[in-house]
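So in our numbering the end of the sequence shown lands on 390, straight run, no missing numbers.
Cβ coordinates follow ideal geometry from the N, Cα and C atoms, glycine included.
From a predicted model like this one, the values you see are computed outputs, not experimental measurements.
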Amino acid sequence: MQIHRNYPLRAHNTFGFDVKALYYAAPSCLEALGELLAHPSYNAVPRLVMGGGSNLLFRKDFPGLVIHLQLRECAKIAEDETTVTLRAGAGVVWDDFVAHCVAHRWGGVENLSGIPGTVGASPVQNIGAYGVEVETAIKQVEALRIDDGQPVVFTHEACRFGYRDSVFKQAWKNKAVITHVVFELSKSPALVTHYGSMGEALEAFPGAGIEQVRQVILHTRRQKLPDPADLGNAGSFFKNPTLPKAQADELRAAYPQLPTYPVDDQLTKIPAAWLIEQCGWKGKRAGQVGVHTTQALVLVNYGGGTGNDVLQLAHAIQQSVRDKFNIQLDTEINIV
Ligand SMILES: Cc1cc2nc3c(=O)[nH]c(=O)nc-3n(C[C@H](O)[C@H](O)[C@H](O)COP(=O)(O)OP(=O)(O)OC[C@H]3O[C@@H](n4cnc5c(N)ncnc54)[C@H](O)[C@@H]3O)c2cc1C
């Protein structure tokens, strides 16, 4: 396997930042990955595992080894009357995996259609969209430990999934290379259509199944989100804050238009995009970076911007949301 030096990452991060990796390798099998992790030359430098680079913000050149996994196999490993179990390599493009499942009428991930990135990254932030999080379909995650290359298997419970969160962003951050994800999908899926105007959009398709759910979601996403091929971005930059119900009620009394989503009896989620918009940021530009004109949660690189430019803008947004609403916005993105 070739190891590149000073490798350009511009085409490998969806913000399109012009940064380099000191070393870069793209292992396409487990043996090659094992050899790379055991190689004494690269043990002493920081290591970063990446997939599609659609949830990464590089502040500067990466002074270590970027591991860009290419494990691309996907196999059915079990089946019974109601479910199928698939094991997919970390390098499989996420939306190709969804398309494969939908084509076979295996349900569970269709609401996650159109999310950029790879299968290997999907458990890291427990990707979610349109009322579904990937954790509902994940049975287990297989990985190699970065420090010694030893295999480790995470059961669903061990993944400690949360809202845009998992053990891979916490205790195991930068300590495991996810090599495969095992999914259990349903042969007779119940559609999840409660999110936003999805139910309404599906009324145009009487007897709709997961194929129509996928089509509606792909169409909606194309309308709402900038395509990184046209405008550098990494999707939602901030998480939606979850507040104690009493605080959310107080806020709602002051701002009756505030949309709120109950999490349980105690907690309420509110849209970060609404808070950002109320602070006047939507469509604002700061040099070569800015806040997207129609989706305030998305920060964009118009070309030639840097990770630090975006971070500076993000900090200014966080400060004004704190000042106006006394709410701390946390970032969803991984800052390198
Ligand atoms: C236009 C757009 C829309 C988006 N919409 C959504 C959305 O609706 N919902 C949502 O949840 N996300 C969304 N995202 C964010 C992003 O697509 C997801 O977070 C995706 O899972 C990132 O995958 P990736 O392969 O690009 O990961 P990368 O950006 O390459 O990496 C993300 C993180 O995962 C780690 N990682 C990646 N692969 C591995 C591995 N094999 N083993 C261990 N760690 C690994 C990296 O080190 C990094 O910390 C969107 C992004 C864009 C650009």
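Which whole-angstrom value describes the C-beta separation of residue i and residue j, a residue pair presumed to lie in contact below a C-beta threshold of 8 Å?
i	j	result
PHE292	LEU351	6 Å
GLU189	PHE215	4 Å
VAL152	LEU166	6 Å
LEU239	ALA175	Incorrect: roughly 19 Å between the Cβ atoms, too far for contact.
GLY105	GLY171	5 Å
GLN372	GLY357	GLN372 to GLY357, Cβ: 24 Å. No contact.
GLU164	ILE264	4 Å
VAL103	ILE121	5 Å
ILE324	ALA300	With a Cβ gap of about 13 Å, ILE324 and ALA300 do not count as contacting.
Pick from the options: whose alpha carbon is nearest that of residue i?
i	options	result
PRO94	ASP201, ARG214, PHE237, TRP160	ASP201
TYR78	ASP134, LEU63, GLY171	LEU63
SER251	TYR184, HIS66, GLY203	TYR184
CYS83	GLN124, PHE379, ASN67	GLN124
THR137	ALA98, VAL178, SER242	SER242
GLU187	VAL246, ILE381, ILE232	VAL246
GLN332	TYR315, VAL103, PRO310, LYS227	PRO310
GLY286	GLY168, PHE69, MET55	PHE69
PHE237	VAL390, VAL73, ASP72, ALA129	ALA129
ALA230	ILE169, TYR249, GLN204, ALA244	GLN204
ASP377	GLY357, ILE330, GLU386, ASN355	ILE330
ARG339	PRO295, ALA98, GLY106, ASN355	ASN355
VAL206	THR233, GLY171, GLU304, PHE379	THR233
THR385	PHE379, GLU164, GLY357, ALA326	ALA326
LEU297	PHE379, ALA370, GLY334, ARG275	PHE379
ASN67	ARG306, LEU353, GLU304, ALA288	ALA288
LYS227	TYR61, ASP72, HIS369, ARG101	ARG101
ARG276	ALA307, VAL178, ILE169	ILE169
VAL235	ILE121, THR274, GLU127, LEU312	GLU127
ARG218	VAL178, PHE208, ALA212, HIS248	VAL178
ALA80	LYS278, LEU91, VAL73	LEU91
DSSP puts residue i in a beta bridge; with which residues?
i	result
HIS58	TYR78
GLY216	ASP219
VAL206	ALA197
ARG339	GLY344
ALA191	Looking at the DSSP assignment, ALA191 forms no beta bridge with any residue, so it has no partner.
LEU110	ASN388
GLY286	ASN355
ALA65	Answer is none; ALA65 lacks a bridge partner.
VAL120	TYR78, LEU102
ALA183	VAL186
PHE292	THR385
Practice problem: Check whether the stretch 253-261 touches the stretch 193-209, taking contact to mean three or more Cβ pairs, one atom from each stretch, closer than 8 Å. | Solution: Result no; under three Cβ-Cβ pairs closer than 8 Å.
Quiz item: Counting Cβ pairs closer than 8 Å, one from the stretch 110-118 and one from the stretch 149-159, do we hit at least three?
Solution: Result no; under three Cβ-Cβ pairs closer than 8 Å.
Quiz item: Are the stretch 93-113 and the stretch 207-223 touching, with three or more C-beta to C-beta distances below 8 Å?
Solution: Contact between the stretch 93-113 and the stretch 207-223 is absent: fewer than 3 CB-CB pairs across the two stretches fall below 8 Å.
Quiz item: At a cut of 8 Å, does the stretch 314-333 reach the stretch 355-363 through at least three beta carbon pairs?
Solution: No, the stretch 314-333 is not in contact with the stretch 355-363.
Practice problem: At 3 residues or longer, and completely inside the stretch 209-276: list those beta strand (DSSP E) runs for me, N to C. | Solution: Correct list: 230-240.
Practice problem: With a floor of 3 residues, list each beta strand (DSSP E) that falls wholly inside the stretch 295-333, ordered by position along the chain. | Solution: As summarised for the stretch 295-333, the continuous beta strand (DSSP E) elements at least 3 residues long and confined to that stretch are 296-298, 321-323, given in chain order.
Practice problem: Just list the alpha helix (DSSP H) runs in the stretch 80-105, keeping only unbroken ones of 4 residues or longer that don't cross its boundaries, in chain order. | Solution: Runs of the alpha helix (DSSP H) inside the stretch 80-105: 84-92, 94-97.
Quiz item: In chain order, which continuous runs of the alpha helix (DSSP H) of length 4 or greater are located wholly inside the stretch 359-384?
Solution: Every alpha helix (DSSP H) stretch that sits fully inside the stretch 359-384 and reaches 4 residues is listed by chain position as 361-379.
Quiz prompt | Sequence ranges, alpha helix (DSSP H) only - wholly within the stretch 122-181, length at least 4 | solution = Counting only runs of at least 4 residues, the stretch 122-181 fully encloses the following alpha helix (DSSP H) elements, listed from N- to C-terminal order: 148-157.
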